[in-house]
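Anchor point for the sequence shown: position 438 equals 438 in full-length UniProt numbering, and the numbering is continuous, going up by one each time. Quick notes on the structure that follows.
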Amino acid sequence: MSHIKIVDMTNESPVLPLSDLDLAKTNFKVKGNKIGGSCLSNFFYKFERFILPEAVLVINKSLIGDNNGKWTVTPHKYKLGFNNETEVVTDSNWNGSKYAFNFTSFDDIIKCKPSQTTSFDIIGVLRNCPPIKSKKNANGEVTNRSRPDHVWDKTWKIFSDGITFQLQLNQNPQGSSNNDDALRNRTLFEIEKMLRRNGSSLHRFESMPYPDEASSLLLENQMISEERLYDQERMDQEYQSLFMKLTDEQRSIYNEIMSAVNNKKLCMFFVYGYDGTGKTFLWNTLSASIRSKKQIVLNVASSGIASLLLPGGRTAHSRFRIPININENSLCTLNPNSDVAELLKETSLIIWDEAPMTNKHCFEALDRSLNDIIKSNSSSRKDNFFRGKVVVFGGDFRQILPVVPGGTDEDIVNSSLSSSYLWSKCKVLKLTKNMRLTIGAGSGDVDSIRTFAEWLLELGEGKLGGENDGHAIIDIPDDLLIKDSPNPFQDLIDFVYPSMIENYKDPFYWKDRAILAPTNEIVYDINNLFISMIPGEEREYLSSDCICQSEDIQEGADAGIYSPDFLNGLQLSGFPSHRLVLKVGVPVMLLRNIDKKNGLCNGTRLQIVYLGKRVTEAEIISGNNVGHRTFIPRISMSPSDKNIPFKFKRRQYPIAVCFGMTVNKSQGQSLSIVGLYLKNPCFSHGQLYVALSRVKSRDGLKLLILDEEGNVTNKTLNVVYKSVFSNL
Numbered sequence: 001m002s003h004i005k006i007v008d009m010t011n012e013s014p015v016l017p018l019s020d021l022d023l024a025k026t027n028f029k030v031k032g033n034k035i036g037g038s039c040l041s042n043f044f045y046k047f048e049r050f051i052l053p054e055a056v057l058v059i060n061k062s063l064i065g066d067n068n069g070k071w072t073v074t075p076h077k078y079k080l081g082f083n084n085e086t087e088v089v090t091d092s093n094w095n096g097s098k099y100a101f102n103f104t105s106f107d108d109i110i111k112c113k114p115s116q117t118t119s120f121d122i123i124g125v126l127r128n129c130p131p132i133k134s135k136k137n138a139n140g141e142v143t144n145r146s147r148p149d150h151v152w153d154k155t156w157k158i159f160s161d162g163i164t165f166q167l168q169l170n171q172n173p174q175g176s177s178n179n180d181d182a183l184r185n186r187t188l189f190e191i192e193k194m195l196r197r198n199g200s201s202l203h204r205f206e207s208m209p210y211p212d213e214a215s216s217l218l219l220e221n222q223m224i225s226e227e228r229l230y231d232q233e234r235m236d237q238e239y240q241s242l243f244m245k246l247t248d249e250q251r252s253i254y255n256e257i258m259s260a261v262n263n264k265k266l267c268m269f270f271v272y273g274y275d276g277t278g279k280t281f282l283w284n285t286l287s288a289s290i291r292s293k294k295q296i297v298l299n300v301a302s303s304g305i306a307s308l309l310l311p312g313g314r315t316a317h318s319r320f321r322i323p324i325n326i327n328e329n330s331l332c333t334l335n336p337n338s339d340v341a342e343l344l345k346e347t348s349l350i351i352w353d354e355a356p357m358t359n360k361h362c363f364e365a366l367d368r369s370l371n372d373i374i375k376s377n378s379s380s381r382k383d384n385f386f387r388g389k390v391v392v393f394g395g396d397f398r399q400i401l402p403v404v405p406g407g408t409d410e411d412i413v414n415s416s417l418s419s420s421y422l423w424s425k426c427k428v429l430k431l432t433k434n435m436r437l438t439i440g441a442g443s444g445d446v447d448s449i450r451t452f453a454e455w456l457l458e459l460g461e462g463k464l465g466g467e468n469d470g471h472a473i474i475d476i477p478d479d480l481l482i483k484d485s486p487n488p489f490q491d492l493i494d495f496v497y498p499s500m501i502e503n504y505k506d507p508f509y510w511k512d513r514a515i516l517a518p519t520n521e522i523v524y525d526i527n528n529l530f531i532s533m534i535p536g537e538e539r540e541y542l543s544s545d546c547i548c549q550s551e552d553i554q555e556g557a558d559a560g561i562y563s564p565d566f567l568n569g570l571q572l573s574g575f576p577s578h579r580l581v582l583k584v585g586v587p588v589m590l591l592r593n594i595d596k597k598n599g600l601c602n603g604t605r606l607q608i609v610y611l612g613k614r615v616t617e618a619e620i621i622s623g624n625n626v627g628h629r630t631f632i633p634r635i636s637m638s639p640s641d642k643n644i645p646f647k648f649k650r651r652q653y654p655i656a657v658c659f660g661m662t663v664n665k666s667q668g669q670s671l672s673i674v675g676l677y678l679k680n681p682c683f684s685h686g687q688l689y690v691a692l693s694r695v696k697s698r699d700g701l702k703l704l705i706l707d708e709e710g711n712v713t714n715k716t717l718n719v720v721y722k723s724v725f726s727n728l
């Protein structure tokens, strides 16, 4: 049996809360002032990440030297007892775990490599450790104990490898010099550029160095510089090509919007069109036109996956710094002299796609913020929304509306853009021609396509199922159904994923297909089933969860209510699970924005190509960066769910397996093959409409509908809040 040595930690080293050991699932127990525990070596990485890697030494019992008083072998022949003590003290400035400790150093230990079945045992007694000091930010909140400056000092040369290579490739004398200071500065400069592109900065990390003053000048409002970097000639060529392809109704809308931009009219528009009517094509044309004149257009969307379809697109929350938890008094976190504020002042047009799914308070927060940061000659606030900027919203009110936890139908409708004070000044422009369903259609398919499109619109507007109050039982056409059989769910799998075992390693196989379901619970079961079907060795990754200290939750008894086991058991929408099981070849979906410029945002789908101890590698299979490979690290995340009466952090890979996905998560995605599994019916406005309109043709759609007894049926519930259409 092998054992662990953990070195002494000094004042400057991080302190290890006992709760973190519980999170590591190593079965550590504390009785009085004694600590003991064990874990198998194949779970050792869960414990190892809490201590310095170089501090870990392993001994083999046969190599133990003479007893020098620092340790004794316990009666259990496979355990090693340590006589050293580590008592626990707390400090008045510490708001962390009540119980924290440092292990002491044991010198007579010999390194060896354990087998996968080796068990590590630690037995010790607590003694006094140095007073624990904490850092607090400007708001008085305790910050985490990460040390980015330490990581930088140890790894900056690795970061600089690409820069050195480029300098040598360009035969730059600096590249072959030994000027470490210049290379460090250039590396910091590139890191700062990447951080700024993703709405952050090195200034957020107090201990980190910053590029020198000369380099900082080059960073001055990089946002404006990037928006004006577009090649005018190429943009003009793109605009001319796109403009020639506009339909009559698209051209009419384009002319009206550009007239407002060119004449600097105070205008708001809402382009109302269902999926396939060419909204994205219109956004591309407007963007190319604006950029060909060296002007700035900001393309944003309400979801990460929708933003990838826009040229230079970003999520609205990241671009405008909109708070996650929004209310009627919220403001964007914009300083009047910040880069974002200066960018907004220079902007000629704002395009906001998928607007109906966003809470009206987000639009109103931007309106109030622009009023604060942009001075206007107009003394009246009444007719000067968005401080005179031309703003174009787009979307389809038949689709899913803003999520209001615990809200009624009326609450959800009242949270939408059409219920905002802004709506009265918003001109609605409609797109009605379904371009997606007619592309490539033969003459014999036109009637079928038209029939399907009209049926979808009637379903989305709640016109099916006779007279109803918005909750209607409707019949699904026979050709769209999975019929009753000995195993109807297997029939659904075979429709969506035919010959899966033969093709699962091919990234293009997963690109345009998915099984959809209304709830996270059903999707979770679907994904677990598929994981067991895919060949290969699975790897389990467990998260590290901890409660965040606050005025309401203090150290000791209060924090003890929310045990690690309790936190591990929380399954939250849009949040990674505590237990993540992966295999090479499995499709996954990102749950956080990581690098939006390179297509890594919330909703991006990827295929796993490598599973490591501390990192995974995956290949993008959706969006504009298909084929690009990236490493995905564990990150610390806190849920924004208002129903949770406390704040906690989960350190986990920000991904979820996505053989199946929720209907809500599929909004904004265009797929070729969709299987809709309705074990339970859709329960909210637009869910059924969104699920059925993901496909490019009805041939790529099948539904498996079960009644309350679990029998296959052709009837399901369609929910439509009809009052949302009253102001259109």
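The C-beta atom is built at its ideal place from N, Cα and C for all residues, glycine as well. Every value quoted in this text rests on a predicted model; they were computed, and no experiment measured them.
May I ask you to list the residues that DSSP assigns as paired with Met-268?
Answer is Val-391 and Cys-426, bridged to Met-268.
Is the separation between the beta-carbon of Val-404 and that of Val-724 shorter than 7 angstroms?
No, the Cβ-Cβ distance between Val-404 and Val-724 is not below 7 angstroms.
Outcome for Thr-716 when other beta-carbon atoms lying within 10 angstroms are tallied against a minimum of 16:
The residue is buried, with at least 16 neighbouring Cβ atoms inside 10 Å.
Nonlocal neighbours in the same chain, by C-beta distance under 6 angstroms from Ser-726, ignoring five residues either side
Correct list: empty, nothing qualifies.
For residue 729, which of Leu-591, Ile-305, Ser-287 and Arg-368 has the nearest alpha-carbon?
Outside the modelled stretch of the chain, which goes from 1 to 728, sits residue 729, for which no answer is possible.
Helix, strand or coil: how does DSSP classify Tyr-541 here?
Tyr-541: strand per DSSP, three-state reduction.
Whose CA, out of Val-271, Ser-577 and Met-208, lies closest to the CA of Val-428?
Considering only alpha carbons, the answer is Val-271.
Reducing DSSP to helix, strand and coil, say where Gln-667 ends up.
DSSP, reduced to helix, strand and coil, places Gln-667 outside both helices and strands of the structure shown, so it counts as coil.
Looking only at its own chain, which residues have a Cβ that is under 6 angstroms from the Cβ of Ala-341, when we skip the five neighbours before and after it?
So the qualifying residues of the chain are Leu-334 and Ile-373.
As an exercise, report each continuous beta strand (DSSP E) stretch of at least 3 residues that is fully enclosed by the stretch 334-365, in chain order.
Whole beta strand (DSSP E) segments, 3+ residues: 347-353.
Where does Gln-687 land, buried or exposed, given buried means 16+ other C-beta within 10 angstroms?
With 16 or more neighbouring CB atoms inside 10 Å of its own CB, Gln-687 falls in the buried class.
Distance, Lys-679 Cα to Gly-710 Cα:
In a straight line, the C-alpha of Gly-710 is about 7 angstroms away from that of Lys-679.
Alpha carbon to alpha carbon, how far is Met-208 from Glu-85? Give it in angstroms, no decimals.
Confidence is the limiting factor: at Glu-85 the pLDDT is only 34, short of 50, which leaves the residue's position unreliable and the question unanswerable from this model.
Using 10 angstroms around the beta-carbon of Pro-498, count the other beta-carbons present and answer buried if the total reaches 16, otherwise exposed.
Burial call: exposed.
So, with DSSP's three-state summary, where would you put Leu-728?
In the three-state scheme derived from DSSP, where H, G and I count as helix and E and B as strand, Leu-728 is classed as coil.
To the nearest angstrom, how far is the alpha carbon of Phe-659 from that of Asn-255?
Cα to Cα, Phe-659 sits roughly 43 angstroms from Asn-255.
What does the alpha-carbon distance come out to for the pair Ser-225 and Pro-535?
Their Cα atoms are separated by approximately 49 angstroms.
For Val-626, name the three-state secondary structure that DSSP assigns.
Val-626 falls in the coil class under three-state DSSP.
In the DSSP assignment, find the unbroken beta strand (DSSP E) run with Arg-228 in it and report its ends.
Taken as a continuous stretch (DSSP letters only), Arg-228 belongs to no beta strand (DSSP E), as it is neither H nor E.
Please report the Cβ distance between Lys-596 and Arg-314, rounded to the nearest whole angstrom; I am assuming they are in contact, meaning their Cβ atoms lie under 8 angstroms.
Indeed, because the Cβ distance is near 6 angstroms, the residues count as touching under 8 angstroms.
Status (buried if at least 16 other CB within 10 Å, exposed otherwise) for Glu-521
Counting C-beta atoms within 10 angstroms of its own C-beta, Glu-521 has fewer than 16 neighbours from the protein chains shown and is therefore classed as exposed.
Could you check if Gly-304 is buried or exposed, using at least 16 other CB atoms within 10 Å of its CB as the buried criterion?
Its Cβ being crowded by 16 or more others within 10 Å, Gly-304 is buried.
Using three-state DSSP, classify Ser-287 as helix, strand or coil.
Reduced to three states, the DSSP call for Ser-287 is helix.
What is the residue span of the beta strand (DSSP E) that Asp-475 lies within?
Residues 471-475.
Can you grab the Cα-Cα spacing for the pair Thr-408 / Ile-482, in whole Å?
About 33 angstroms.
Is Pro-486 buried or exposed, if buried means 16 or more other CB atoms sit within 10 Å of its CB?
Counting the other Cβ atoms within 10 Å of the Cβ of Pro-486 gives fewer than 16, which makes it exposed.
Between Lys-642, Ser-348 and Met-268, which has its C-alpha nearest Phe-393's C-alpha?
Of Lys-642, Ser-348 and Met-268, the residue nearest in Cα terms is Met-268.
Residue 729 by DSSP, collapsed to three states: which one?
No answer is possible for residue 729: the residues shown for the chain start at 1 and end at 728.
CA-to-CA distance, Lys-245 to Leu-282, given in whole angstroms
Leu-282 and Lys-245: Cα-Cα distance of roughly 10 angstroms.
Count the other CB atoms, across all protein chains shown, that sit within 10 Å of the CB of Asn-528; report buried if there are 16 or more and exposed otherwise.
Asn-528 should be labelled exposed.
If Ser-302 sits next to Glu-354, beta carbons under 8 angstroms apart, how far is it from one beta carbon to the other, in whole angstroms?
With a Cβ gap of about 4 angstroms, Ser-302 and Glu-354 count as contacting.
Counting C-beta neighbours from all protein chains within 10 Å, is the total for Ser-92 16 or more, i.e. buried, or is it exposed?
Caution is warranted here: a pLDDT of 43 is assigned to Ser-92, below 50, making its placement in the model unreliable, and the coordinate value is therefore given only provisionally. Burial call: exposed.
Considering Cα atoms alone, identify which of Asp-396, Val-586, Gly-406 and Ser-419 is closest to Asn-359.
Out of Asp-396, Val-586, Gly-406 and Ser-419, the CA that lies nearest to the CA of Asn-359 is found in Ser-419.
With a 10 Å radius around its C-beta and 16 neighbouring C-beta atoms as the bar for buried, classify Ile-501 as buried or exposed.
Ile-501 comes out exposed.
Would you kindly work out how many angstroms separate the C-alpha atoms of Phe-648 and Ser-638, rounded to a whole number?
Their Cα atoms are separated by approximately 6 angstroms.
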